[in-house]
Amino acid sequence: MDPKGEVGGSLEADAFRKLYPHQFYANFLAKHTRPDGRALMQARPVSVTPNAVSSADSSATAKLGDSAAIAGVKLEVAVPAEESPDEGHLAVAVEMAPMSSPDVRPGRPGEAAQCLAEQVSSILASSDVIPRQQLCIEQGRACWVVYLDIIVLNADGSLLDACLLAAWAALRSLRLPSVILTADGNVEPCDDLPQTSSAAAPEGVWAGRMLQLESQPVAQSCAMMGGKLISDCTAEEERLADTIIIIIVDGRGNLLGLIKAGGTAEAGDMIMQQCIEAAKLRQQDLCRLLEDQLSAATLS
Amino acid sequence: MPKDVVSVPLPRKPRPTNVIVNGTRLDGRGPEEFRPIFLSTGVIPQASGSVYAELDKTKLMVGIYGPRPSDRWHGFSEEGHLDCDVKMAPFSGGQRTKWGQSPEEREMAGLLGVAVEAGVQRSAFPKATVDVQCLVLEAGGGELAVAVAAASLALADAAIPMRDLITSCTVSRVDNQLLLDATSDEAFQEDGSVLLAMMPSLNQVTQLLVKGAWSGGELDEAIQLGMTGCAEMDGICRQVLQEAIAPP
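Taken in order, these protein sequences are the chains called H and G. The opening residue of the first sequence carries number 1 in the numbering used here; numbering runs sequentially from there. The opening residue of the second sequence carries number 1001 in the numbering used here; numbering runs sequentially from there.
Here's what the structure looks like:
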C-alpha cells in the first residue's frame, strides 16, 4: 500500500499503470472496483467549509477527494437594467489556479477553465436557482451585484461538482448588509437595525438579510469506462474514460442540466436513468452535509 | 450579467487610526510578536510540493511543479530556471479585482523569485524549470514575506536541492515604534518598513527592501528585529518539515 492507501503501490504496478493505463483500469473494473478502493458508483469523501476567507462577503471551500475549489462573493451596487428594474445581477467567474494541475500554466485562462465557467454560470443563471428579485434594493434605482469568483485549487476530476458545491455554499452563507439609499441615489452602508425593534425600518433604510435560496443544484459526474459506469471520477479516470456524463439536478427532482460530452461510447436510456438516479441521491447527501456545516458554523 | 452594467463597491469601513493602544496592538500582540503561524505541506497531492500558509488574516497557497521542461523560451543555460507566478484571488482584498496579471502581482512575483532563487541550487536541474505558483486567498498584510517563507518550504517539500530554507518577515515603523509582522491595518499607518528575507542557518540575507526614511541606528535596530523574526519563522518551518516526514 502506498501512502494514498491505493492498492498496488509497488514500482512494477506504478510503471504498468503509466504504460498501459487502460489495461490497468480494466483489471480493476473487471472486479467491480477502482484503483483507489472505491466501488464503481461510490463517491469520494466530501467536505465543505463555509466562511473560509474573511475578506470576501461570503466564501466557502469544497473538497471532493483531492479536488478542491474555493468560492468567494464580493458585493457591489448598480442601477438595475431597464428591462428588469426589480432584479439584481449575478456575475460568475471560474478560474483554474496554475497550481491546480500540471497542465495549467499562468496566463490566459485555458479552454477547460472557460468551459467550466460557462457551465457553472449557466446553471446558476437558469431560472429560479437564484431569485434575483431578492437582489433588488429599490425598483429601478439600485440593486446588488453579486460577483461570485470560483477558483479551482486542485484539479483532480469532477470539477463541475466541486465548483458548484463551493459556489452554492458561499451563496447560502451570503448576508446582504443593511444600506441606506440616499435621495441622490447613492447607496451607503449603515448599522444593522436592532433585532428587537418590530417597528418599520426608518425611511430609506434597506434592512440587511440573508439571501433566501431554496433548492440546491448539484452536479454529478459519471463516466463510461470499458462498458462500465463509474461516478465521481478522478482526473486520471476522466482522461481514460470513453465518455463523460454530467447530470445537474435540484432538490425538487428537476433536471437542470445534462452534459454528455462526445466520447466514443454511447449512453443509452438505461445508463442515463442510472446517472439521474445517482444524481438525485447525491443531491440529498450533499444538501444534508451542507446544512449541517452551515448550522455548525452559525452555532460556533 | 449584461456587459454594460457599471457597478461600484460600497464605501469601505475606515481603517483604525490608532493601531497601538497602551503598548499593545489591536489584535493583542506585543510589538515583537508574530501573528499565529499555521503552515501545512502536501496540500496539493499532484504538485511536486505545496504549502498552505495562514498568519491570521493572510492566507495563501504555494504549489511547485517540476523540474520539468519550460513552456517558455529561456535561452540556453547550464543552470535550471525558477519561474515564479503570484495571483491574488479576486476576493482577497478590499475591492474586487479582475483576473489578469496586475502590476502588483508582477512586482510580487519578481521579488519572490529574487528572494527564493538565491537559496535554490539551480545547477541541480540544468535546462529544466521549476515553477513556483502562489495564490493569495486573503491579503491581511505581509503577503510577500509569507509567500517567500511558504515558497521555500514548498520547494523543500518538493525535494528541490537547496542551500538553506529561506524565511522572511516584515518590520513596520508606526509612531516611532517597530512592529514585527504588521497586519494590513498597521501597514496602512506605517511611515517606514523593512522586508527581510534570509537563510538563517547560513546567516545570509537574500533580500532587503527598505521603504521610508530611516536613520542608521534605527535601521540597524529594525534589521536586528527582522533577523530575530526570520530565525523564529525558521524554527517553525523546520518543525513543519520534520513532522511531514515523520509524523509525531
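Even glycine gets a Cβ: it sits at the ideal position worked out from N, Cα and C. In this text the structure is predicted, and so the values were computed from the model without any measurement.
G:Cys-1169 is bridged by DSSP to G:Leu-1196. Beyond the five residues adjoining it in sequence on each side, G:Asp-1185 comes within less than 8 Å, by CB distance, of Arg-1015, Pro-1016, Val-1019, Leu-1026, Gly-1141 in the same chain, given in chain order. Sequence-distant Cβ neighbours of H:Leu-181 in its own chain, meaning closer than 7 Å and more than five residues away, are Ile-137, Glu-138, Arg-141, Ala-142, Val-187, Gly-204, Trp-206.
Straight across, the Cα-Cα distance linking H:Pro-189 with G:Ala-1187 is about 25 Å. By the rule that beta-carbons nearer than 8 Å mark a contact, G:Met-1088 does not touch chain H. Here G:Thr-1024 is exposed, its C-beta having fewer than 16 other C-beta atoms within 10 Å. Taken in chain order, the complete beta strand (DSSP E) segments of 3 residues or longer contained in the region 85-139 of chain H are 89-96, 136-138. In the DSSP assignment, G:Arg-1238 falls within the unbroken alpha helix (DSSP H) covering 1216-1245. Scanning the region 1021-1099 of chain G from its first residue to its last, no whole alpha helix (DSSP H) run of 4-plus residues comes out.
Residue environment for H:Leu-159: buried (at least 16 other C-beta atoms within 10 angstroms of its C-beta). About 11 Å separates the Cβ atoms of G:Val-1086 and G:Met-1061, ruling out a contact at the 8 Å cut-off. When the five nearest sequence neighbours on each side are left out, the beta carbons in the same chain lying within less than 7 Å of the beta carbon of H:Pro-85 are those of Gln-139, Gly-140, in order along the chain. H:Ala-166 is not a Cβ neighbour of H:Ala-279, given a cutoff of 8 Å. In the structure shown, H:Leu-240 adopts helical secondary structure according to DSSP, grouped into three states. Per DSSP, the continuous alpha helix (DSSP H) segment holding H:Cys-275 begins and ends at 269-299.
Straight-line measurement puts the Cα of H:Cys-233 at about 31 Å from the Cα of G:Glu-1243. A buried status is given to H:Pro-98, since no fewer than 16 other beta-carbon atoms sit within 10 Å of its beta-carbon.
If you draw a straight line from the Cα of G:Trp-1073 to the Cα of G:Cys-1084, it is about 15 Å long.
In the same chain as G:Gln-1177, and ignoring 5 residues on each side of it, the C-beta atoms closer than 7 Å to its own belong to Ile-1020, Pro-1031, in chain order. Contact annotation: the region 99-118 of chain H does not touch the region 75-89 of chain H, with fewer than three C-beta pairs closer than 8 Å.
Chain-order list of chain H residues neighbouring G:Ile-1245: empty, with the shortest C-beta distance near 12 Å, by a criterion of under 9 Å. Identification of residues in the region 78-89 of chain H having a C-beta nearer than 7 Å to some C-beta of chain G yields Ala-78, Ala-81, His-89, given in sequence order.
It is roughly 14 Å from the alpha-carbon of H:Val-218 to the alpha-carbon of H:Glu-291. Assignment of H:Lys-74 by DSSP, reduced to helix, strand and coil, places it in the strand class. Under the criterion of beta carbons closer than 8 Å, H:Leu-148 and H:Val-73 qualify as touching, at roughly 5 Å. Secondary structure note for H:Pro-189: its beta strand (DSSP E) is the uninterrupted segment 187-189.
Distances from the CA of G:Ala-1159 to each of G:Ala-1053, G:Gln-1095, G:Ser-1070, G:Ile-1245 were compared; the closest alpha carbon is that of G:Ile-1245.
In this structure, the CA atom of G:Glu-1221 is about 22 Å from the CA atom of G:Val-1148. A Cβ-Cβ separation of about 4 Å places H:Ala-170 in contact with H:Ala-60 under the 8 Å criterion. Within chain G, no residue has its CB atom less than 8 Å from the CB of H:Met-41, the nearest being about 23 Å off. Distances from the alpha-carbon of H:Arg-108 to those of G:Ser-1102, G:Gly-1113, G:Leu-1153 put G:Ser-1102 closest. Under the Cβ distance rule, H:Glu-237 does not count among the residues neighbouring chain G, no pair being separated by less than 8 Å. H:Ala-13: member of the alpha helix (DSSP H) spanning 11-19, first to last residue. Going by DSSP, G:Pro-1103 is part of the alpha helix (DSSP H) stretching over 1103-1117.
For H:Gln-220, the enclosing beta strand (DSSP E) covers residues 218-225. Looking at the DSSP output, H:Arg-175 bridges to H:Met-210.
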